[in-house]
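Mapping the sequence shown onto this note's numbering, position 298 (from 1) lands on 301, and the numbers just tick up by one. We put the CB at the ideal spot given by N, CA and C, even for glycine. Only a predicted model underlies this, so the values are computations on that prediction, with no experimental measurement involved. Note sheet for the following structure.
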Amino acid sequence: MEEKAAAGAGCREPPGPPRAAAVPWFGISVDHNDILPGALRLIRELRPHWKPEQVRTKRFTDGITNKLVACYVDEDMRDCVLVRVYGERTELLVDRENEVRNFQLLRAHGCAPKLYCTFQNGLCYEYMQGMALGPEHIREPRLFRLIALEMAKIHTIHANGSLPKPILWHKIHNYFTLVKNEINPSLSADVPKVEVLEQELAWLKEHLSQLDSPVVFCHNDLLCKNIIYDSTKGHVRFIDYEYAGYNYQAFDIGNHFNEFAGVNEVDYCLYPSRETQLQWLRYYLQAQKGMAVTPREVERLYVQVNKFALVSACDWEAEGKEEPGGGTQGLPPAPTSPQPREEEAQPRVRGEALETLVLCS
Numbered sequence: 004m005e006e007k008a009a010a011g012a013g014c015r016e017p018p019g020p021p022r023a024a025a026v027p028w029f030g031i032s033v034d035h036n037d038i039l040p041g042a043l044r045l046i047r048e049l050r051p052h053w054k055p056e057q058v059r060t061k062r063f064t065d066g067i068t069n070k071l072v073a074c075y076v077d078e079d080m081r082d083c084v085l086v087r088v089y090g091e092r093t094e095l096l097v098d099r100e101n102e103v104r105n106f107q108l109l110r111a112h113g114c115a116p117k118l119y120c121t122f123q124n125g126l127c128y129e130y131m132q133g134m135a136l137g138p139e140h141i142r143e144p145r146l147f148r149l150i151a152l153e154m155a156k157i158h159t160i161h162a163n164g165s166l167p168k169p170i171l172w173h174k175i176h177n178y179f180t181l182v183k184n185e186i187n188p189s190l191s192a193d194v195p196k197v198e199v200l201e202q203e204l205a206w207l208k209e210h211l212s213q214l215d216s217p218v219v220f221c222h223n224d225l226l227c228k229n230i231i232y233d234s235t236k237g238h239v240r241f242i243d244y245e246y247a248g249y250n251y252q253a254f255d256i257g258n259h260f261n262e263f264a265g266v267n268e269v270d271y272c273l274y275p276s277r278e279t280q281l282q283w284l285r286y287y288l289q290a291q292k293g294m295a296v297t298p299r300e301v302e303r304l305y306v307q308v309n310k311f312a313l314v315s316a317c318d319w320e321a322e323g324k325e326e327p328g329g330g331t332q333g334l335p336p337a338p339t340s341p342q343p344r345e346e347e348a349q350p351r352v353r354g355e356a357l358e359t360l361v362l363c364s
């Protein structure tokens, strides 16, 4: 499919309801399988002073569904535009209007890059200088301190007087609905039956909702590659806000702790130890409260985080989250089995398979 453009591809208001703010929108659709022509067309709109023959491009290959290319003219990439093309059928999983609102909200609080524009199947934004982290980096105390501080900053973003509700259960319910409606029978053997997953989810919801974890603005998908470390400025920033929204504080932290075990080669022995978690959580709470915290406060959050880490194995995002080996303390036995649940033995495989059921049907 060739790159398409709506009549008058210049900046104009998109059809449908108005966007959250005045973000330029271009009536251009970029071919997901050949993104460079469409990306360069967008660059001509955003950087008309750049000479076409001088524009350089760099593709990033870490994304699972979205395609990403950087466009720039200077070697140092100080003025660099990232063009991100949404993966096909990802609109089933992601509210793109909400993503733009999240982007702008985080930008207003100094937590996100500039959003230059949106187009029919993607968006363009500022390149953030730095290095995307890996599992080995987030285990380093000097770096996980910075991550804890940045998460605390995001978690203090207010809801403008309203009382937000956690998106977790609503999103997972919607995800299971999609799996039921879109399931491909040839792929269904890769995961337990939806009914089994729903039983586990009901069990988790019943007990986790009683923990009184605060509802805060969360990233909700803090994979290692979504953390950018700028060694020059000595800080980290989070990227990719597809799943951001108000959610349980403990879920966002526990979801991130699962990343310590790795991505491609998962080693649950690397899930952060109690000592590491308490240190991380102390950094977080001190930054959030702006004062010293008591051991009791840290311990309370520690228990909440390890319980909420369980739900990321069933999370609708299905980005492959690991379940910790020792995070079940204090929870009653799951009703589906008197023993540790065999269905949770490979939650990363389960998550990826669930996503496949939706996107590949």
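Exercise for the section: Give the straight-line distance between the Cα atoms of tyrosine 119 and tyrosine 130, rounded to the nearest whole angstrom. Expected result: Looking at the two C-alpha atoms, the distance is approximately 11 Å.
Practice task
May I ask you to report which of helix, strand or coil DSSP gives leucine 146?
Solution key: The three-state secondary structure of leucine 146, taken from DSSP, is helix.
Handout entry: Nearest-angstrom Cα separation, counted from glycine 257 out to glutamine 213
Key = Taking the straight line joining both Cα atoms gives about 17 Å.
Practice task
Give every residue of the same chain whose Cβ lies closer than 7 Å to the Cβ of isoleucine 170, excluding the five residues on either side of it in the sequence, and list them in chain order.
Solution key: Hits under 7 Å: Gly248, Tyr249 and Asn250.
Problem - Closest Cα partner of arginine 44 within the set Leu95, Leu126 and Met80 - result: It is Leu126 whose Cα lies nearest to the Cα of arginine 44.
Handout entry: Collapsed DSSP secondary structure at isoleucine 256 in the structure displayed
Key = Three-state result, isoleucine 256: helix.
Practice task
From the DSSP output, in three-state form, read off isoleucine 230 for me.
Solution key: Reduced to three states, the DSSP call for isoleucine 230 is strand.
Exercise for the section: Could you spell out where the alpha helix (DSSP H) holding phenylalanine 263 opens and where it closes? Expected result: Note, phenylalanine 263: premise wrong, no alpha helix (DSSP H); not H, not E.
Handout entry: Boundaries (first-last residue) of the alpha helix (DSSP H) holding arginine 87
Key = Per DSSP, arginine 87 belongs to no alpha helix (DSSP H); it is in the beta strand (DSSP E), 83 to 88.
Practice task
Find the nearest neighbour of leucine 273 within the set Trp53, Asn101, His140 and Thr64, judged by alpha-carbon distance.
Solution key: Distance check between leucine 273 and each of Trp53, Asn101, His140 and Thr64 places His140 closest, using alpha-carbon atoms only.
Practice task
Spatial neighbours of lysine 117 within its chain, please: CB distance less than 8 Å, with the 5 preceding and 5 following residues excluded, ordered by chain position.
Solution key: Closer than 8 Å at the Cβ level, and outside the excluded window around lysine 117, lie Arg110, Tyr128 and Glu129.
Exercise for the section: Please determine if the stretch 194 to 209 and the stretch 272 to 292 are in contact, where contact requires at least 3 C-beta pairs separated by less than 8 Å. Expected result: No: the two stretches stay apart, fewer than three of their Cβ pairs being nearer than 8 Å.
Exercise for the section: Spell out a yes or no on whether the stretch 57 to 74 and the stretch 174 to 184 are touching, meaning 3 or more CB-CB pairs, one atom from each, closer than 8 Å. Expected result: Contact between the stretch 57 to 74 and the stretch 174 to 184 is absent, because fewer than three Cβ pairs lie under 8 Å.
Exercise for the section: Count the CB pairs spanning the stretch 150 to 161 and the stretch 290 to 298 that are closer than 8 Å, and state whether there are at least three. Expected result: Segments in contact, yes.
Problem - Best match in Ala264, Val269 and Asp255 for proximity to leucine 284 [C-alpha to C-alpha] - result: Among Ala264, Val269 and Asp255, the Cα nearest to that of leucine 284 is on Asp255.
Handout entry: histidine 35 - DSSP class collapsed to helix/strand/coil
Key = If DSSP states are grouped into helix, strand and coil, histidine 35 belongs with coil.
Practice task
In angstroms with no decimal places, state the Cα-to-Cα distance between lysine 156 and histidine 238.
Solution key: Rounded to the nearest angstrom, the two C-alpha atoms are 12 Å apart.
Exercise for the section: Look at the Cβ atom of valine 308, then the Cβ atom of phenylalanine 241, and state whether they are nearer than 8 Å. Expected result: No, they are not a contact pair.
Handout entry: 8 Å Cβ cutoff met for lysine 61 and alanine 135
Key = Contact: no.
Exercise for the section: Could you tell me which of Arg99, Ile230, Ala312 and Val296 sits nearest to leucine 207, measuring between CA atoms? Expected result: Nearest of Arg99, Ile230, Ala312 and Val296 to leucine 207, Cα basis: Ala312.
Handout entry: When Asn36, Arg47, Thr297 and Asp37 are compared against phenylalanine 29, the one with the closest alpha-carbon
Key = Each of Asn36, Arg47, Thr297 and Asp37 was checked against the Cα of phenylalanine 29, and the nearest Cα belongs to Arg47.
Problem - Reduced DSSP category for glycine 323 - H, G, I as helix; E, B as strand; rest coil - result: The pLDDT assigned to glycine 323 is 35, lower than 50, so where the model puts this residue is not dependable, and the model offers no usable value.
Exercise for the section: Quick one: grab the DSSP three-state call for methionine 134. Expected result: In the structure shown, methionine 134 sits in a strand (DSSP, three-state: E or B).
Practice task
Compute the Euclidean distance between the alpha carbons of proline 21 and aspartate 98, then round it to the nearest angstrom.
Solution key: Below a pLDDT of 50, predicted positions are generally treated as unreliable, and proline 21, at 40, falls in that range; the measurement from the model is reported next regardless. Cα to Cα, proline 21 sits roughly 15 Å from aspartate 98.
Handout entry: Cβ shell of aspartate 65 (< 6 Å), same chain only, five flanking positions each side left out
Key = Cβ within range, chain order: Lys228.
Handout entry: Alpha carbon of glycine 90 to alpha carbon of threonine 297, nearest angstrom
Key = Going by the C-alpha atoms only, they are around 45 Å apart.
Exercise for the section: For glutamine 57, count neighbouring C-beta atoms within 10 Å of its own C-beta (all shown protein chains included) and say buried if the count is 16 or more, exposed if not. Expected result: Under a 10 Å Cβ-count criterion, glutamine 57 is classified as exposed, with fewer than 16 other Cβ atoms of the shown protein chains found around its own Cβ.
Exercise for the section: Please name the residue, chosen from Leu304, Phe263 and Val306, that lies closest to leucine 146 on a Cα-to-Cα basis. Expected result: Taking only the C-alpha atoms, the option nearest leucine 146 is Phe263.
Handout entry: CA-to-CA distance, proline 27 to lysine 54, given in whole angstroms
Key = When rounded, the distance between both Cα atoms is 22 Å.
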